[in-house]
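Shown next, in structure tokens, is the structure this report addresses.
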Amino acid sequence: MNSIQDSYVLSNGVKIPCVGFGTWKLLNDEHTVDVVKTAIDCGYRHIDTAFSYKNDIAVGKAIRECGLKRSEIFVTSKLDNPSHGYENTLKEFDITMNNLGIEYLDLYLIHWPRPIMFRENWKAVNEGSWKAFEELYQSGKIRAIGVSNFLEHHIDALLDTATIAPMVDQLELHPQYVQEDAVNYCKDHRIIVEAWSPLLRGQMDNPLLINIAKKYNKSVAQLLLRWSIQHGFLPLPKASSVDRMKENADIFDFEISKEDIEEMKSLESLGRTGAHPDTAQF
């Protein structure tokens with residue numbers, strides 16, 4: 001990989017840009033339209049949103065007005081927790097597409113495997129949602145389908161009835177939380193791994209990370225994103241300023257040494273920054 005526009009290739013042959021632009025916590029307003037347009041101007045070609053972010057109208061407007069062809073932007077959205085199940089999935093997908101105002105999605109993910117309202121029957125409702133996903137994919141409304149926050153047992157349950165395997169799994173991944181078992185499972189099943197919270201939700205004041213970043217004349221954010229790339233992950237950083245967007249894209253002119261990667265493993269004791277997929281209270 002030499003730039004944020006270089007791509008991984010999904011199991012169905014679809015290319016997916018190796019760094020995405022995250023939109024979590026961006027509001028559904030003109031500011032978000034401007035932020036997403038600016039990201040595209042800075043070279044980002046992969047925009048990640050979700051129904052639960054409640055900003056898809058603004059994100060869609062930015063994509064439509066950015067000046068590029070629709071085919072030049074890779075757009076991801078995600079199914080919200082209350083809409084699991086076959087019929088609910090189809091209904092929410094229609095709302096998502098109307099909000100975005102685009103003809104197709106490049107990638108659609110089940111956002112969480114085991115929402116609190118479906119805690120006991122999660123396998124059955126995921127089966128229904130995935131059936132809807134497969135139909136939407138086969139009809140050409142989605143170019144690729146996948147999951148988010150699914151661990152091995154969640155994917156195994158899905159594969160019991162699926163006819164198409166997930167092509168992506170979006171997981172919390174950073175030096176504090178490496179999820180080796182889930183990552184290795186995905187690699188074994190030809191599932192591309194995306195990294196959410198690659199910048200530790202902004203908690204980047206760790207002395208170890210600061211010192212290692214200085215070795216490469218890079219910021220901690222650049223160090224963390226490079227860590228993702230070197231592990232074969234697809235990071236989804238978020239930024240609001242042009243300077244930060246450009247900084248987050250400037251991660252291809254250095255390589256973290258094996259020694260520094262090893263030293264960063266000491267951070268694993270700090271653990272995740274978000275919820276666990278089996279116990280999330282939403």
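UniProt numbering puts the first residue of the sequence shown at 1, with every later residue one more than the last.
Don't be surprised by glycine CBs; every beta carbon is placed ideally from N, CA and C.
By the Cβ test, the segment 37-53 is in contact with the segment 232-249, since at least three Cβ pairs between them sit closer than 8 angstroms.
For the pair residue 209 and residue 35, the Cα-to-Cα distance works out to about 28 angstroms. If you look at residue 195, you'll find it isn't in any alpha helix (DSSP H); it sits in the beta strand (DSSP E) that goes 192-196. In terms of CA proximity to residue 70, 104 leads the group 104, 89, 50.
With fewer than 16 neighbouring CB atoms inside 10 Å of its own CB, residue 279 falls in the exposed class.
Closest by C-alpha distance to residue 281, out of 217, 114, 91, is 114.
A distance of 8 angstroms or more separates the beta carbons of residue 124 and residue 89. Within the segment 13-85, the runs of beta strand (DSSP E) at least 3 residues long that lie entirely inside it are, in chain order, 15-17, 46-48, 74-79. Proximity to residue 78 across 118, 24, 178 peaks at 24, based on C-alpha coordinates.
For residue 190, the number of other beta carbons within 10 angstroms of its own is below 16, and it is reported as exposed. Its Cα nearest to that of residue 216, the residue 255 stands out among 61, 57, 231, 255. If you ignore the 5 residues before and after residue 141, its C-beta comes within less than 6 angstroms of the C-beta of 104, all in its own chain and listed in chain order. Under the three-state reduction of DSSP, residue 228 is assigned to helix. Along the length of the segment 148-227, whole alpha helix (DSSP H) runs at least 4 residues long occupy 152-159, 180-188, 207-215, reported in chain order. Straight through space, the alpha carbons of residue 106 and residue 138 are spaced by roughly 13 angstroms. Taking residue 100 as the centre and dropping the five residues before and after it, the same chain places the C-beta of 56, 60 closer than 6 angstroms to its C-beta, in chain order. Residue 18 places its beta carbon less than 8 angstroms from that of residue 234. Counting of Cβ neighbours within 10 angstroms places residue 264 among the buried residues, the total reaching 16 or more. Residue pairing for residue 109: DSSP places it in a beta bridge opposite 78, 146. Pairing residue 168 with residue 134 gives a Cβ-Cβ distance that is not under 8 angstroms.
Residue 266 is classed as exposed because its beta carbon has fewer than 16 other beta carbons within 10 Å across all chains shown.
In the structure shown, residue 104 adopts coil according to DSSP, grouped into three states. Pairing residue 154 with residue 122, the inter-Cα distance amounts to about 9 angstroms.
In terms of Cα proximity to residue 63, the closest of 82, 37, 81 is 37. C-alpha of residue 96 to C-alpha of residue 13: approximately 25 angstroms in a straight line. Relative to residue 7, the option among 26, 111, 72 whose CA is nearest is 72. The residue from 196, 186, 162, 211 with its alpha-carbon nearest to that of residue 47 is 196. In this structure, residue 225 lies away from residue 22, with their beta-carbon atoms at least 8 angstroms apart.
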